[in-house]
Amino acid sequence: MADDVASSLEYSLQACISLLGVDVLDKGKGQQCIDNKLGVEAAITSFLESAKLVEEDFIRKQAYVRVHHPQETLKQEISHLKTEIKQKEDILSKLSEKVDYWTKILDELQRKQKAEIEAMLTTGAMGKGSFTFKLSYKVGVMLSRTKSADALLSIHS
């Protein structure tokens, strides 16, 4: 049966191709052109029907294999799942690298700000009012950056 279905598909494809070639040669010949178009449509319809039969035959054989050889189906599914897990692990590792990178940048910024605040505290060169303003500004910036980083990290996790 499979040979019949495959040969039917091949035959209908050859008929389509041969009629399409004639269509190119006979473009300007009136009634012959119309007849050829009808032939092409019939050949295409035949080809589509043959393709459906091949698909049905394939589905039947696939169902047979699933019922009579379940170990083969399980092997295929396991292989597919392993591939999918590997792809997801790769994505997770890339995301983890990005999170590590941005965490390092955030830590550097926080260390620099902390060093600046400590430098301002130890020098005491500024007046008390401006020092308090700058200190509260720096702490506010640090907190907002920390909140932004937390929000960024929560998006990726």
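Position 147 of the sequence shown, counted from 1, bears residue number 147 in UniProt numbering, the numbering being contiguous throughout.
Note that beta-carbon positions come from the ideal geometry of N, C-alpha and C, so glycine has one too.
Quick caveat: nothing in here was measured; it's all calculated off a predicted structure.
Going by C-alpha positions, S46 is about 10 Å away from G39. Between the C-alpha atoms of Q110 and I117 there is a straight-line separation of about 10 Å. Here the alpha carbons of L81 and E56 stand approximately 26 Å from one another. Membership of H80 in the alpha helix (DSSP H) is indicated by the continuous run 70-123.
The straight-line gap separating the alpha-carbon atoms of K61 and V54 is approximately 11 Å. The beta carbons of S12 and E49 sit closer together than 9 Å.
The C-alpha of A51 is placed about 31 Å away from the C-alpha of T83. Inclusion of L74 and A43 in the CB contact set at 9 Å is not warranted, their separation being larger than that value. Around the CB of L9, 16 or more other CB atoms lie within 10 Å, so the residue is classed as buried.
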